[in-house]
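Here is the structure we will look at, set down as structure tokens.
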Amino acid sequence: MSRLVEGSRPTGVELRGLVKSFRSPAGPVRAVRGIDVTIKAGETVALLGPNGAGKSTTIDMLLGLAAPDAGTVTIFGRSPSDAIATGAVGAMLQTGALIRDLTVRELVTMMASLYPSPMDVEETLVLAGIEDVADQRTNKLSGGETQRVRAAVALVSDPELLVLDEPTVAMDVEGRLAFWTTMRTFAARGKTILFATHYLDEADAYADRAVLMARGRVVADGPTTEIKAMVGSRTIRATLPDADLTALGQLPGVVTSDRHGDAVILSCTDSDVAIRALLEQYADARDIEISGAGLEQAFLQLTGDDGFVDEDETAEGAVR
Amino acid sequence: MSIAYIRFELLRTFRNGRFFIFSFIFPLILYFIIAGPNKNDHDFGGTGISAPLYYMIGLAAFGAMMTTIATGARIAGERQVGWNRQLRITPLSARNYLGAKVVTAYMMAILSILILYISGTILGVRLSAEHWLEMTGLILVGLVPFAAFGIFVGHMLTVDSIGPVMGGTASLLALVGGTWFPITSGVLFDIARFVPSYWLVQASHVSIGGHGWGARGWITMAAWAVAMCFLAARAYRRDTKRV
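Chains as they are written, first to last, in my numbering: chain A, 579 to 898; chain B, 511 to 753.
What follows is the structure, encoded as structure tokens:
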């Protein structure tokens, strides 16, 4: 798979053979099953995957909030805790609200006081687009405003590495645009950004590269254009009992084909072209549905995973 | 340690209305209700101490106990919104994090003690500077186990469960400690001598030239302080290890 970034730039983040399991009431959950990811300094990388893919667990290990069962993490050549101690890392975690009884400006100032060389507080407020609510108490903010304040908290240290775990989940469309404008501005300063998302569009629009995760593994890693083509953007489902799957997979605009009983499922990069070709060649196709491909479904097709956990992998260490 | 960080911790604590009322206003009102009518009782319950002085220390101990234990509520609140995770990805070390919590707890405790001292002098309490200082010193040392207890429960319990635990513990400790009436004999006395709040209230004995704590008091307090600091450290480590 091609890499967008030239090899001369120093390594920002390096994840090697990371493995992490949890105990849960339903038995052990192998959240991350051996992943390797390298991010160059200055790169913006999307960690893309459906819910439960292991993105947040990976980020927790990257930030030193969880200890890996196996494998190593380095940030600019240092351990996560060393990198964090120097203020080189800023993060917006997936879950989390703001502490009460402070104004937005006070909260950002409080956090700035913890870092050796923070960004100017007013500059941070402007960058995050929250100068209008700077004098409001943190518990009086809307969901979108809260997310932007959390972004400011992540940015105020002027970190070299910014980690964002599904940052735009609580935002409306406008809020998202504003948020990513902020992040682009920040990335333009030569900063390294890693963000987790389950929106393919977000990865496509804002990342140089996407790392696809599914079921605790990296299933693809490359420029977002490549990833987008692999995942496909639409799915066509039709009742077509006797059609040959291989032939269907070769229809124009179709990436993969799959069968569920009498139904076939075509994952498409261009569903308009694909549906015309399908109807032309298979006039008997019935019950046709076209839908935006959920990442989950797209990934399952991509990984050839039928939804059952393959138990022979239980004893694995780091799987490439 | 970051002074700015502690400044904002204090500011937050002050702005918390419920905390303010329970830690500062509540003991103050109780003091005037209980000690006011007994203003002229100079040998309260056979202790040799005047009622205004006895209750001044009793309620100062109670208020200081409440304010230090209340650290737990703030920690639990921060944990609930995931703020402790946010702090763990800053250069704030565990030592400075806990240090800021303890400093905040002590500042609030000192304030609640001062409020009671002023109220005491209004009701006629007069002590030498030496006695004021010695008494205050003993109370501040005696708050160590309570500050540690606050950190312990804050990292053990959730926001929902911590209220009853804190309120119940403080009420019971106040009762057994002698905040409401002197404990000088019987089963309650036997129990009281093993309880840290008892020794907090005993600090008032300084005023009659008596031994504030004596060896027994110091040993009891040291044991509680060590035990609570151990539990607090363990709870903090466990909590920060969990994902």
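Glycine is no exception: its CB is placed at the ideal position from the N, C-alpha and C atoms.
Spatial neighbours of residue i within its chain, please: C-beta separation below 8 Å, excluding the five flanking residues on both sides.
i: A:Leu680; result: Met688, Arg715, Thr716
i: A:Ser580; result: Confidence is the limiting factor: at A:Ser580 the pLDDT is only 41, short of 50, which leaves the residue's position unreliable and the question unanswerable from this model.
i: A:Asp850; result: Gly831
i: B:Gly673; result: Ala583
i: A:Ala706; result: Arg726, Val727, Ala729, Ala730, Leu733, Thr760
i: A:Gly895; result: Residue confidence for A:Gly895 is low, a pLDDT of 35 falling below 50, so the modelled location carries little weight; the figure read from the coordinates is stated next. Closer than 8 Å at Cβ, skipping near neighbours: Gly595, Val597, Gly612, Ala648.
i: A:Ala690; result: Pro696, Met697, Val699, Thr702, Val734, Ser735
Does residue i pass the burial test, meaning 16 or more other C-beta atoms within 10 Å, or should it be called exposed?
i: B:Gly552; result: Note that residue 552 of chain B is His in the sequence shown, not Gly. That one is exposed.
i: B:Ser671; result: exposed
i: A:Thr824; result: exposed
i: A:Thr650; result: exposed
i: A:Lys633; result: buried
i: A:Gln859; result: exposed
i: A:His838; result: exposed
i: A:Asp698; result: exposed
i: A:Thr763; result: exposed
i: A:Asp736; result: buried
i: A:Leu703; result: buried
i: B:Thr694; result: exposed
i: B:Phe534; result: buried
i: B:Ile625; result: buried
Have a look at the options and flag the residue whose alpha-carbon is nearest the alpha-carbon of residue i.
i: B:Leu643; options: B:Val663, B:Ile729, B:Gly527, B:Ile620; result: B:Ile620
i: B:Trp723; options: B:Ile516, B:Trp709, B:Gly696, B:Ala735; result: B:Trp709
i: A:Arg793; options: A:Thr589, A:Arg611, A:Phe600; result: A:Arg611
i: A:Ile843; options: A:Ile853, A:Thr813, A:Gly831; result: A:Thr813
i: B:Leu521; options: B:Phe542, B:Arg605, B:Met617; result: B:Met617
i: A:Gln672; options: A:Asp822, A:Leu593, A:Met749; result: A:Met749
i: B:Asp749; options: B:Val705, B:Thr600, B:Trp593; result: B:Trp593
i: B:Ile632; options: B:Ser603, B:Leu608, B:Ala545; result: B:Ala545
i: A:Pro658; options: A:Thr636, A:Ile677, A:Gly674; result: A:Thr636
i: A:Arg767; options: A:Gly722, A:Ala756, A:Glu738, A:Ala644; result: A:Glu738
i: B:Arg726; options: B:Ala702, B:Phe740, B:Phe524, B:Ala745; result: B:Ala702
i: A:Asp848; options: A:Ala861, A:Thr834, A:Thr746, A:Asp840; result: A:Thr834
i: B:Phe536; options: B:Asn526, B:Met645, B:Pro655, B:Phe572; result: B:Phe572
Report yes or no: is there a C-beta of chain B within less than 7 Å of the C-beta of residue i?
i: A:Met907; result: Given that chain A is displayed from residue 579 to residue 898, the structure contains no residue 907 of chain A and the question cannot be resolved.
i: A:Ile805; result: no
i: A:Ala669; result: yes
i: A:Phe886; result: Since pLDDT at A:Phe886 reaches only 42, below the 50 mark, its modelled position is unreliable, and the value read off the structure follows with that caveat. By this cut-off, A:Phe886 is not an interface position.
i: A:Ile662; result: yes
i: A:Thr681; result: no
i: A:Ile814; result: no
i: A:Glu894; result: Low local confidence applies: a pLDDT of 36 at A:Glu894 is under 50, so the model's placement there is unreliable, with the coordinate-based value given in what follows. Chain B, which has no Cβ nearer than 7 Å to the Cβ of A:Glu894, makes this no.
i: A:Asp890; result: The predicted position of A:Asp890 is uncertain, since its pLDDT is 37 and thus under 50; no value can be drawn from it.
i: A:Gly649; result: no
i: A:Thr702; result: no
i: A:Gly605; result: no
Beta-carbon within less than 7 Å of residue i's beta-carbon, same chain only, minus the 5 sequence neighbours each way: which residues are those?
i: B:Gly630; result: Pro562, Leu563, Met566
i: A:Arg608; result: Ser599, Gly794
i: B:Val675; result: Val663, Leu667
i: B:Glu519; result: Ala610, Thr614
i: A:Ile617; result: Gly590, Val591, Val623, Thr770, Leu772
i: B:Phe699; result: Ile693
Give every residue of the same chain whose Cβ lies closer than 6 Å to the Cβ of residue i, excluding the five residues on either side of it in the sequence, and list them in chain order.
i: A:Arg656; result: none
i: B:Ala743; result: none
i: B:Pro692; result: Gly555, Thr557
i: A:Arg683; result: Ala712
i: B:Val635; result: Pro562, Leu563, Met566
i: A:Leu640; result: Val651
i: A:Pro745; result: Met670
Output yes if chain A places a C-beta closer than 7 Å to the C-beta of residue i; else output no.
i: B:Val591; result: yes
i: B:Ile599; result: yes
i: B:Asn526; result: yes
i: B:Ala514; result: yes
i: B:Leu602; result: yes
i: B:Arg747; result: no
i: B:Arg595; result: yes
i: B:Val753; result: Any reading at B:Val753 is ruled out, since the residue's pLDDT is 40, under 50, leaving its predicted position unreliable.
i: B:Phe518; result: yes
i: B:Arg744; result: no
Note to self: Counting beta carbon pairs with one atom in the segment 555-568 of chain B and one in the segment 705-715 of chain B, are three or more of them shorter than 8 Å?
What the structure shows: A contact exists between the segment 705-715 of chain B and the segment 555-568 of chain B.
Margin query: Within 8 Å, do at least three Cβ pairs link the segment 660-676 of chain B to the segment 582-589 of chain B?
Written below: These segments touch.
Check: Does the segment 649-656 of chain B come close enough to the segment 726-740 of chain B to have 3 or more Cβ pairs within less than 8 Å?
Finding: For the pair of segments examined, the segment 649-656 of chain B was found to touch the segment 726-740 of chain B: the number of CB pairs separated by less than 8 Å reaches three.
Check: How about the segment 613-633 of chain A and the segment 663-670 of chain A: do they share at least three Cβ pairs that are nearer than 8 Å?
Finding: The segment 613-633 of chain A is not in contact with the segment 663-670 of chain A.
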